[in-house]
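Top to bottom, those sequences are chains A and B.
Note that the numbering used here has the first sequence beginning at 8, numbered continuously upward.
Note that the numbering used here has the second sequence beginning at 85, numbered continuously upward.
For every residue, glycine included, the Cβ atom is placed at its ideal position computed from N, Cα and C.
For reference, the structure is listed below as structure tokens.
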Amino acid sequence: MSLKPKRVDFTETWSVLQKTVEGVITLGYVSRATWNDRFSDVYSLCVAYPEPLADKLYTETKNYLDEHVKSLHKSVLQQGEGDLLTNYFNAWIKYSQGINYLHRLYLYLNQQHIRKQKLSDADYIYGSVPQDVQEQMEIGELGLEMWKWNMIEPLKERLLELLLDGIHKDRLGSSQNNDIIRGVIQSFVSVQEFKKKGNLELYEELFEKPFLEASGEHYKCEAARLLQECDVSQYMEKVTKKLEDETLRSHRFLHYSSHSKVRQRCEQHMVADHLNFLHGECKPMVTQERRRDLANMYPLLRSVNNGVNVLITHVMEHIKQQGLEAVTELRGDNVHTQFVESMLGVHKKYKELIVEVFSGDQNFMGALDKACSSVINFRQSKQMCKSPELLARYCDMLLKKSSKGMSECEIEDRLTQSITIFKYIDDKDVFQKFYSRMLAKRLIQQLSQSMDAEEAMINRLKQACGYEFTNKLHRMFTDMSVSSDLNNKFNAYIKQENIELGINFTISVLQAGAWPLGQVAITPFAVPQELEKSVQKFENFYHNHFNGRKLTWLHHLCQGELKLGYLKKTYIFTMQTFQMAVMLLFEKSDSLTCAEIQETLQLNADQFAKHISSLVDCKLLTASSENLVGPTVLSLNMDYSNKRTRLRISTALQKETPQEMEQTVTSVDEDRKLYLQAKIVRIMKSRKVLRHNALIQEVFSQSKSFAPAISMIKKCIEALIDKQYIERTPNSADEYSYVA
Amino acid sequence: GHRIGRSNSERRGGGGEQKSGAVGAAADAKIAALFDAYCDPSDDVIMADGIERLCSDLALSPDEFRVLLLAWKMNAGQMCRFTRDEFTSGCRDMRVDTLRGIQTKLVELSSDVTKDPELFKDLYRFTFRFGLDPSQNQRILPSEMAVVLWKLVFSIGEPPILERWLRFLESHPHVRGVPRDTWNMFLNFAEAVGDDLSSYDDAEAWPSLFDDFVEFENDQANPYISKEKREAVIGQH
């Protein structure tokens, strides 16, 4: 066979070709040889000499297909109304396959003739192609186009009716013809698949739009019916089921582009249209914590606009309510434990609920945070919020030696959890004040369970609130380890110098700025002879080491161990230094008057009374009168006895006095003012000029350890204007500038 | 400054200077004589009784607005006292050298400050400094003094809110003093609120004393706020 162009008799060639075309399109038998011959016929026609006959071939083929589909349409109609879907479907399956083969038979025409004159993709997408340009189509496309015009168009109303009816039956549970329904719907898509633009137009116009309308109507009625019949729980369950079913159905029958539209339509009619009803049911559901209902409600509400916010608000209110119930009106000695553990309980419970019921939705987690924060920072009218103190106490209880019967792991665990509460606290600075006071007591009185646990806790706080926050705590901590080194050195020095102190002696040297302690002795005190040498020697030693540092002795924070040898058993008492000094006076005599003791020790009345009465209270001393002053005689109680031989006299000193509490609170206020003023100055220094609101915002965002009141910030600004750090800019009353 | 002054006079030279100098000198002499008439015999300043005499010769009472204007023009460093420098430069500045001249000038000034807000602002700000007692290094105007001065400085055009403001200060003895910024800002405040405190916004940059005032006034206006609730409102800050 020659590929050379030659003269071709069109009529003759076409009449032969036409037979094969008919065979191919009706899926009849076509032998390989015939196929090959006709394939070259198409070629010959396209390259015919002197005139190529491609256009003519195209026109004839088009006419042929036109007629063919028209006759198919007729025969589908003739087969009867009842099985229209099936007949259409069968005809389509056959035709679409046939046209596919035919397309290949015309390969040369398609590729060399039609494709070459086609407009490019770019022309289609960006260019303005005139609507009326009648382009030649590749044969496959042409066939489908014929199908569309001659088959679908005339049948479309009836097909749609039958399809909707079929799907409706499927909803009612009597499904049949599923494959046919799906196939017919698919044909609306396939018939346009070759199009580059708007290839779903036919499907959407012809089927999807009316289908969505019909489905909408259906679910509107369904919702109305369900609301008549069911309570909210049943309603939600049924709606959920229906949504699932409809989703499956749309996967079964429809093009994927419709799936989300169908779902939206259903949600619109079954959820959004009845949002008021559903919202109205949220509150009891939340307060009664009906998990199953909530778990059904959540996805329904989430699916529609503004659906879920109401639920979130109710959940927040509920948690807040539960939290307040759990932590207000607490009574007893261990309010701090009750507070922290109840609050953790509430937090844990609702966190789990949110994970389980609301799939851990961040919005609900946010509501949990808000609720917890408002419970923890709740205060009754004028009172200070108690939470920072309670949390500090809780930590103190855990970190102290006698944490009853808890394993180290358990303590670790609880301390870790307490950070959850800590993070919610607004007044973190108040917490810090209390915490550092308690830490100081633990360290000085050596009451800490373990130094590792102490350090771990400080690190947790640092992680949660930053270095600045724990700076002082760290310094306190290092003071202790430096002191222990110092004691070793001191002991070595004593040994080297052959000094005999007569007592064991440990000292803690604390930096003045880091510890929450007064920097002066609270009472005059004549150090007993027994201790004098140690004090002296240590001072010498210290000053040799650190020239120019000043030591202040805080005797009121010191304690000693005293061995009592005058009783039937030997007892070892741990007591405060002043108490020890009192007891040491009885070394030389069995009774002394209060006046004598006070004279010798120089203690002020307040401290004297406090310590004497604690010695009398624990029965080491007996008094001749209840009034412990002047001539009242104190005597050693020679009949003292106790089952235990190691004892500690706990004085009022170890407990926080109300004054100390008060002090803590006011010192927090002072600190805050200083802190804010410093912040404002720093901000103004870097910004030079700033509007009032911008400055307030900036201060807010920089205050991590507490939430400053606007009024306090304002007062600080005023104070700084007064001190001429900043001034109002001349031309604006609400703008400040930095005064260099 | 000194050197520049001399070079200026050297450059100017000639008759012009002589002439203006002569007129100036004549006026200065009259001003000096006027000063001497009221000057305290033991000191080179006009003291309280001198001021009283001056006022009565000017047909003014010492607590009158025009006396404040006079002090302002003299740029007096403190109350009840004019130094020779203050008096001399004040008179020069007003271009007066007789009692009659001062009287006329004060009438003129009185109408000037009502017409020109910037001028009044200058007087108003001066009034604060004028009220401070330099012998005690005061930086905050004691409340009673502030009330008196507010009445005085506003005696020619009282802002509608003034009466309520002063009543608030008088009924709140814990407000001990008025800092400069609060004094200055009161002028803006009075203008901004007029007679109606409902537009007041404490989120704006007002000194906090105004916050307290507005809150107090609003509570007064609302008979339904019980005392307890008032406390609660304050407690929330």
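- Per DSSP, the beta bridge partners of Ala630/A are Leu641/A.
- In terms of Cβ geometry, Phe713/A and Lys502/A do not form a close pair [threshold 8 angstroms].
- Judged by DSSP in its simplified three-state form, Arg189/A adopts helix.
- Counting only residues of its own chain and dropping the five nearest sequence neighbours on each side, Ser541/A has a CB closer than 7 angstroms to the CB of Leu508, Ile510 and Phe512.
- A straight-line Cα-Cα distance of about 20 angstroms links Glu669/A and Gln614/A.
- In this structure, the straight-line span from the alpha carbon of Ser255/B to that of Leu281/B is close to 19 angstroms.
- For Gln439/A, the uninterrupted alpha helix (DSSP H) segment begins and ends at Lys435 to Ile451.
- About 5 angstroms separates the Cβ atoms of Leu643/A and Phe593/A, confirming a contact at the 8 angstroms cut-off.
- Where Lys355/A is concerned, the enclosing alpha helix (DSSP H) starts and stops at Val342 to Val364.
- At a cut-off of 8 angstroms between beta-carbon atoms, Asp741/A makes contact with chain B.
- At least 8 angstroms separates the beta-carbon of Leu167/A from that of Ile188/A.
- Taken atom to atom, the span from the alpha-carbon of Lys216/A to that of His276/A is near 16 angstroms.
- Contact annotation: in the region 266 to 281 of chain B, residues whose CB is within less than 7 angstroms of a CB in chain A are Met269 and Asn272.
- By alpha-carbon distance to Asn43/A, the top candidate from Glu58/A, Leu24/A and Val623/A is Leu24/A.
- Residue environment for Asp300/A: buried (at least 16 other C-beta atoms within 10 angstroms of its C-beta).
- Chain order gives no chain A residues near Ala155/B, where near means a beta carbon separation below 7 angstroms; the closest approach is about 24 angstroms.
- Between Leu422/A and Met464/A, the gap from beta carbon to beta carbon is short of 8 angstroms.
- Short of 7 angstroms from the beta carbon of Ser490/A, and not among the five residues preceding or following it, lie these beta carbons of its own chain, in chain order: Ile514, Ser515 and Val516.
- Asp127/B is outside the set of residues whose beta carbon lies under 8 angstroms from a beta carbon in chain A.
- Remark: C-beta atoms of Leu282/A and Met304/A do not approach each other more closely than 8 angstroms.
- Our two residues, Phe46/A and Leu112/A, have alpha carbons roughly 6 angstroms apart in a direct line.
- In the three-state DSSP reduction, Val623/A falls in the helix class (H, G or I).
- Bounds of the beta strand (DSSP E) holding Glu568/A are Gln566 to Leu571.
- For the options Arg14/A, Ser632/A, Val31/A and Ser82/A, the alpha carbon positioned closest to that of Tyr56/A is the one of Arg14/A.
- Taking CB atoms only, Glu288/B has a neighbour in chain A less than 8 angstroms away.
- According to the DSSP assignment, Arg338/A belongs to no alpha helix (DSSP H), since it is labelled neither H nor E.
- Residue environment analysis places Asn316/A among the exposed positions, since fewer than 16 neighbouring C-beta atoms fall within 10 angstroms of its C-beta.
- With 16 or more neighbouring CB atoms inside 10 Å of its own CB, Lys327/A falls in the buried class.
- Looking at the backbone, the Cα of His75/A and that of Asn157/A are separated by about 9 angstroms.
- In the three-state scheme derived from DSSP, where H, G and I count as helix and E and B as strand, Lys157/B is classed as helix.
- Contact check for Asn94/A and Gln86/A: beta-carbon distance about 5 angstroms, within the 8 angstroms limit, so the pair qualifies.
- Boundaries of the alpha helix (DSSP H) around Pro395/A: Ser394 to Leu406.
- The three-state reading of DSSP puts Ser648/A in coil, since its state is none of H, G, I, E or B.
- In this structure, the straight-line span from the alpha carbon of Lys469/A to that of His552/A is close to 33 angstroms.
- Any Cβ of chain B closer than 8 angstroms to the Cβ of Ile728/A would place that residue at the interface, and such an atom is present.
- In the DSSP assignment, the residues bridged to Glu734/A are Ser744/A.
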